[in-house]
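Protein chains in written order, with this note's numbering: chain A, -5 to 613; chain B, 3 to 205.
Glycine is no exception: its CB is placed at the ideal position from the N, C-alpha and C atoms.
If you're wondering where the values come from, they're calculated on a predicted model, not measured in any experiment.
Worksheet: one structure, shown below.
Next comes the structure, spelled out in structure tokens:
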């Protein structure tokens, strides 16, 4: 136990030190983790033990990441992307396999060359997606193309897994067949295997589509937060187990589950619950990749490994840039597409391991190849940064504003917090105006009803930073706060102002005192929730009493202006009186009301009277 | 019998004795629709469909308003901008207003003598209303000289106001009953310059 904690401590402290430094140097978190890995690894301070074990365990971070990616992709979106997935992905994997395999054929028999080719055709989902997210490029056209290719690669792992044993030419050293924990599908006859596999996929689908909602609702009702976290984790882990049992990629399974749940109102809650686990696991995974770099071997065969790395990156890049040309990508998209995917991936570690146990490739070939893959992964974020430096920031912004049609895919620009009576009407109005806000509400029952009517409403505690993050606060332009409880509003606004200084905020306040409390924290766009209807009723009253409708309308507008103009002065006075502190709040409110009415009476409607009373210019 | 639409544009009715008098004299008449624009659209959100339908249902369209800065109150400009759509009011397929009579009923502060070259306002009422004359032609309507009540700044005596209101009523009734000699009226300076000359005795 102590040893485990010590190891954990070393990993965490290394990450905590290296990542901020790397970020400050503009290198991104992935490089930070990799460097941390090298430092604590066997060729640095040698602080950690079984790196491979750790790497294997933390690969689960990739599974979680794909779950999260799935959550952000609706089925309809995925269907729209079918051409880039199959087209770009297919061309990239097949061409890369052929070319890399062809080069390997010069040195190796064809079975081995083929294995090397297909394995090296895959790129690093973990590094690329993490980097894209950090740079905010996920929802750009190039980001989507990159993602399509990665998705196809994940799919391709399944046939590759099936292909590799067929290529065995060596005598198998030991049979460490990856044994299933509770069920071995290989013991079933072929047709049953297919049925069981399909069944597993259907289970995931139906669970996500129909089972999840009542379960999550029941859990949300308990209002015990960690149970929701536990359920979310159980979902991901369970699906991974199921997929592994039937011989499918767990990453793919959870991705599917994510896609199915993308429409669910619990999407943001799930996202914010899984996110920290994914982040931590991936971080440690990257550290272990750094630590697994075998510098002894690298220094021994430095020329060979450098050559392999260079060839790997170069030829993948050539294939990618050709793919980009085939699919007529724009100039700036092409270069980022090619540079992003030109490296080996973490699947290579797993698959090379398999080739060893299956007797496809000898150790002497695997080791330099794994080193080359690790180096290329290490170089990937660096290349990305270099590319970014070479291209101006402007390029990305142009890219982002390129496609007005695909708003669905992109982050919503408005977050509507609170969906009570007031929030409902604002939401209706915005939706009618073509703005689709992300709606957050902490009342699960409320959320349920509203979703029935087609609103995009998500359940969660509004004042939690991670939920805001998941709702897209980073990219949102505007936060609308409509809750009735002033303290919750204040908490949310303080949080949002601190973490998203660029987010514009407009707020509803229930009464004058709430307005002051909001002015305390520097909000300037405040509406009093009943003031608008009070004025409208007042206008109706005047009209009913026979005042000319246009006159009544102008009086209403003038009164509103008068009221708003008094606000800063009254606020100042309120806070000053408070300092004196000698009369109660209730007494003061009475005083203010009196003062207010006095001001109103003195105001008069001069503007109404003066308007349109033309005088003869001659007088 | 013609149907007459009076689109009334006055933002401060309580200040205008003459416009109230004109209004009272005409709004209750059979076959006359009185449409108070400022009352219907205090926030200027003009219901285009409703206004177009009103125009289609009437044969004579009158705009009654005070002359502000040699032009109309702002809502009337808004009305023209929004309601007179291409393809409805003008353009090759815009024939909704074809052959309808378009008449302005203007009240203004200055005397008749001020609306000429050596007068205070330099331009004549005919010149000042020429944009609406052009609009009428583009919309294939018939332009008539405006019904004009001048000299408001002098302060019209009560009897004068009553006389003008009676003239307004007579004019509208004649327009409604087809008793107005349109060709003759087109020749006069103002529609109400000499009502006896343009309104036939055959009613």
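Item, Value
"Simplified DSSP assignment, three categories, for residue 176/B", "helix"
"DSSP-derived helix/strand/coil call for residue 13/B", "coil"
"Residues of the region 523 to 547 of chain A whose Cβ lies closer than 8 Å to any Cβ of chain E, in chain order", "As a matter of chain content, chain E is missing from the structure shown, whose protein chains are A and B."
"Assigned exposure category for residue 318/A - 16 Cβ within 10 Å defines buried", "buried"
"According to DSSP, residues forming a beta bridge with residue 473/A", "409/A and 499/A"
"Buried or exposed (CB count within 10 angstroms, at least 16 for buried), residue 170/A", "Any reading at residue 170/A must be qualified, since the residue scores a pLDDT of 44, below 50, and its modelled position is unreliable; the value itself is stated next. Label assigned to residue 170/A: exposed."
"Cross-chain neighbours of residue 610/A in chain B, by beta carbon under 7 Å", "111 and 155"
"Between the CA atoms of residue 60/A and residue 286/A - distance to the nearest angstrom", "24 Å"
"Length of the line joining the Cα atoms of residue 14/A and residue 494/A", "19 Å"
"For residue 434/A, the first and last residue of its enclosing beta strand (DSSP E)", "432 to 435"
"CA-to-CA distance, residue 107/B to residue 596/A, given in whole angstroms", "39 Å"
"CB of residue 470/A within 8 Å of CB of residue 489/A, strictly", "no"
"Limits of the alpha helix (DSSP H) - the one that residue 78/A falls within", "Element bounds for residue 78/A: n/a, residue is neither H nor E."
"Selection of the region 12 to 31 of chain B by Cβ proximity to chain A, strictly under 9 Å", "12, 13, 14, 15, 16, 17 and 18"
"Residue 18/A burial status per 10 Å Cβ neighbour count (16 or more: buried)", "exposed"
"Status (buried if at least 16 other CB within 10 Å, exposed otherwise) for residue 611/A", "exposed"
"Anticipated Cβ contact below 8 Å, residue 62/B with residue 6/B, distance rounded", "4 Å"
"Beta-carbon neighbours of residue 41/B, restricted to chain A and to distances below 7 Å", "542, 543 and 544"
"Same chain, Cβ closer than 8 Å to residue 85/B, five either side skipped, listed in chain order", "48, 50, 53, 54, 57 and 91"
"Rounded Cβ spacing between residue 353/A and residue 31/A (contact assumed at less than 8 Å)", "The pair is not a contact, with the Cβ atoms about 30 Å apart (cut-off 8 Å)."
"4-residue-minimum alpha helix (DSSP H) runs that sit fully inside the region 211 to 250 of chain A, ordered along the chain", "219 to 239"
"Status (buried if at least 16 other CB within 10 Å, exposed otherwise) for residue 102/B", "buried"
"Helix, strand or coil at residue 86/B [DSSP, three-state]", "coil"
"First and last residue of the uninterrupted alpha helix (DSSP H) at residue 124/A", "119 to 128"
"Assigned secondary structure, residue 201/B (DSSP; H/G/I helix, E/B strand, else coil)", "strand"
"For residue 108/A, the residue or residues it bridges with in DSSP", "None; residue 108/A has no bridge partner."
"Partners in chain B for residue 606/A, counting only beta-carbon separations shorter than 9 Å", "12, 13, 14, 17, 18, 68, 70 and 75"
"Contacts of residue 44/B in chain A (Cβ-Cβ under 8 Å)", "543, 544, 546, 547 and 548"
"Member of 121/A, 68/A and 77/A whose CA lies at the smallest distance from the CA of residue 368/A", "121/A"
"Burial state of residue 528/A (16 or more Cβ within 10 Å)", "exposed"
"DSSP state of residue 106/B mapped onto helix, strand, coil", "strand"
"Residue 644/A (DSSP reduced to helix, strand or coil)", "The requested residue 644/A is not part of the displayed model; chain A covers only -5 to 613."
"Residue 409/A and residue 431/A closer than 8 Å at C-beta", "yes"
"Bridge partners - residue 66/B, DSSP secondary structure assignment", "10/B and 107/B"
"Per-residue burial, residue 270/A [other beta carbons within 10 Å of its own, 16 or more giving buried]", "exposed"
"Complete alpha helix (DSSP H) runs within the region 134 to 199 of chain B (minimum length 4 residues, chain order)", "160 to 179 and 184 to 189"
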